[in-house]
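Okay, so here's the structure we're looking at.
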Amino acid sequence: MNEADPQDFTSYRRQPAKKIMTKPKDGVSEVEAAVTSEPETNRISVDPDSLPTIPAAMEYDYTNFYFGAGTDAFALLEPFDDWWGQVHPAGYYLYELPLRSAPSTRVDVEDTKTGEIRRGLVNFASYNYLGLSYRPEVKEAIKEAADIYGGGSSGSPILSGTTHLHEQFSAEVAAFKGKEAALIFPTGYSANVGTIAGLMRSGDLIVADQYAHASIVDGMILSKAKSRFFRHNRADDLDRKLKDFDGKKLVIVEGVYSMDGDVTELADIVEVCRARGARIMIDEAHSAFVYGATGKGVVEDVGLDDEVDIHLGTFSKSLGGQGGYTAGSLKLINYLRGFSRSRFFSCALSPVVVAGLRKALEIASNEPELRTKLWENVAYMQKLLGDAEVPIGDSTSQVIPIMVRDDARVLAMGEELFREGVYINPVIYPAVGKHKSRFRMSISAAHTTEELEEGAAVIVRVLQRFGICP
24 MNEADPQDFT
34 SYRRQPAKKI
44 MTKPKDGVSE
54 VEAAVTSEPE
64 TNRISVDPDS
74 LPTIPAAMEY
84 DYTNFYFGAG
94 TDAFALLEPF
104 DDWWGQVHPA
114 GYYLYELPLR
124 SAPSTRVDVE
134 DTKTGEIRRG
144 LVNFASYNYL
154 GLSYRPEVKE
164 AIKEAADIYG
174 GGSSGSPILS
184 GTTHLHEQFS
194 AEVAAFKGKE
204 AALIFPTGYS
214 ANVGTIAGLM
224 RSGDLIVADQ
234 YAHASIVDGM
244 ILSKAKSRFF
254 RHNRADDLDR
264 KLKDFDGKKL
274 VIVEGVYSMD
284 GDVTELADIV
294 EVCRARGARI
304 MIDEAHSAFV
314 YGATGKGVVE
324 DVGLDDEVDI
334 HLGTFSKSLG
344 GQGGYTAGSL
354 KLINYLRGFS
364 RSRFFSCALS
374 PVVVAGLRKA
384 LEIASNEPEL
394 RTKLWENVAY
404 MQKLLGDAEV
414 PIGDSTSQVI
424 PIMVRDDARV
434 LAMGEELFRE
444 GVYINPVIYP
454 AVGKHKSRFR
464 MSISAAHTTE
474 ELEEGAAVIV
484 RVLQRFGICP
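Under our numbering, think of the first position of the sequence shown as 24, with each following residue one higher.
Okay, structure coming up:
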């Protein structure tokens, strides 16, 4: 390593993350949205001596190790490793904890800090919104497919990786969505990247909601199109971004925004797009199969299914499996089949996964009571937390953010929740903005009333200890 290169993380001065994408003066980029500070809300008085001590290393974060001086491509590895060695046991170990059970409403989780297996934790971390990943029928379908096809596809979809199961499932997804055709991707991430970069080119314009998922942002970058972001759910700001551009335009929104749990203002977005001649793409990763009378998503729920040009979603959330899809006109899907590099340069989904997804989709289609139960559980948990004055933002979905807004101590809270029987994801900068740290709670149709009450009681108790709620 160059002698001038810093040897530990403290040698790096704290600086805001550099912008990854260029934005116009009146725009709001995802990166800038993430670093925007927000004043602390009123706090309930709490004795600071009663709270855990926070290591100095926690004053740093991933953005301190994104850019660095020196000529060695490995220059940041050593300071990052030094930092990681201090923050991992202080709370970062809560990420990538190995499960020792199915992602059901109660889970067994390996505590990598102590080596213990914590059993029977109430699970609010896994998506699995309809509880389908471990349904006996789904597991049986997977076993039957494994006997025929083995473990993997062993090929790209355009070469040897497509099986009869893939063809059947693509048709079933298209029929479920009420579209002419659908294209299956190995992940939801690759669906976004492949669809956006497969369709748009240099010189085109893409405008996305500022809270768009990272996979959308990466697709925008790879497309080399001019990229802008409009203020969250603000159709008037979207209109300003579109009005002076004469070329090809694509607007991207999400059905449910995964960090806040709120829903897109689709009617207003559609009105602007039609007036400005822009195509519309919606990512329904967190809303497909649970929103709408038949589960088609937010587009069905608000009666605008036919006003959206590109319908995208995942199979990892509500269906409890893996993969993603893009649905739309036959001409659109045929075009993307030839230009979605993230699909045809990846191995196709394993046939056993596809078999499980087919059965999960069948169950979701034939058992609307699952969606009814999910929304009952969502309403009950919101009431439990609301009655205790837990700050849960403006969520109306099965994604409930618990707005801690205490960047220094959110991981310490996460540790106590973990120790006391609740498995839930802490979310910190740069995944969300400064002073916007939170826990992201995922509610499932499979949660029992007792599990919801038990989990809420633990959450309230821990948050009270830290002065987040009375």
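Every residue gets a Cβ at the ideal spot worked out from N, C-alpha and C, and that includes glycine.
As the structure is a prediction and not an experimental result, all values here were calculated from the model.
Bridge partner(s) assigned by DSSP for K272: L228
Spatial distance of D262 from V293 (CA atoms): 11 Å
Span separating the alpha-carbon of D104 from that of F441: For D104 and F441, the distance between alpha carbons rounds to 25 Å.
Runs of alpha helix (DSSP H) wholly within the segment 294–362 (minimum 4 residues, chain order): 321–324, 353–362
Sequence-distant residues of the same chain with beta carbon closer than 8 Å to A480, five excluded per side: none
Simplified DSSP assignment, three categories, for S465: strand
Inter-stretch contact (C-beta, 8 Å, three-pair minimum) for the segment 410–430 and the segment 464–479: yes
Whole-Å CB distance - D324 paired with E277, under 8 Å assumed: Not really, about 14 Å apart at Cβ, beyond 8 Å.
Under 7 Å between C-beta atoms of D417 and S460: Contact: no.
Among G315, V145, V483, F208, the one whose alpha carbon lies nearest that of I356: F208
Check whether Y152 and V313 have beta carbons under 7 Å apart: yes
F252, enclosing beta strand (DSSP E) - first and last residue: 249–253
N448 (DSSP reduced to helix, strand or coil): Note: N448 maps to strand in three-state DSSP.
The segment 369–387 / the segment 160–175 touching (three or more Cβ pairs under 8 Å): yes
Collapsed DSSP secondary structure at V240 in the structure displayed: helix
Integer-rounded CB distance, given that G284 should sit under 8 Å from S193: Their Cβ separation, rounded to whole angstroms, is 30 Å, which puts S193 and G284 out of contact at 8 Å.
Start-to-end residues for the alpha helix (DSSP H) that takes in F441: Here the alpha helix (DSSP H) through F441 covers 433–442.
Rounded separation between G8 and G93 - CA only: Only positions 24 to 493 of the chain appear in this structure, which leaves residue 8 out of reach.
Within the segment 131–210, ranges of the beta strand (DSSP E) (whole runs, at least 3 residues): 140–146, 204–208
Terminal residues of the beta strand (DSSP E) in which E426 lies: The sequence shown places Met at residue 426, not Glu. Where M426 is concerned, the enclosing beta strand (DSSP E) stretches over 422–426.
Check whether A205 and Y348 have beta carbons under 7 Å apart: Using a Cβ distance threshold of 7 Å, A205 and Y348 count as a contacting pair.
K41, DSSP secondary structure in three states: The pLDDT assigned to K41 is 39, lower than 50, so where the model puts this residue is not dependable; a value taken from the coordinates is nonetheless given after this. Correct three-state label for K41: coil.
Any C-beta of chain C under 7 Å from that of F199: Protein chains in the displayed structure number just one, and chain C is not present.
Cα-Cα separation between S246 and F253, rounded to whole angstroms: 18 Å
Strand pairing of E277, partner residues [DSSP]: D306
CB of S250 within 7 Å of CB of V216, strictly: no
R123 - DSSP class collapsed to helix/strand/coil: coil
For V413, three-class secondary structure by DSSP: It is coil, neither helix nor strand.
Rounded straight-line distance, which links the Cα of A350 to that of H334: 5 Å
Residue of K264, R224, L122 minimising C-alpha distance to Q233: Ranking the options by Cα distance to Q233, first place goes to K264.
Separation of R394 from G175, as counted between CA atoms: Going from the Cα of G175 to the Cα of R394 covers about 31 Å.
Distance CB(L145)-CB(E474) smaller than 7 Å: According to the sequence provided, residue 145 is Val. The question's Leu does not apply to it. Going by C-beta atoms, V145 is nearer than 7 Å to E474.
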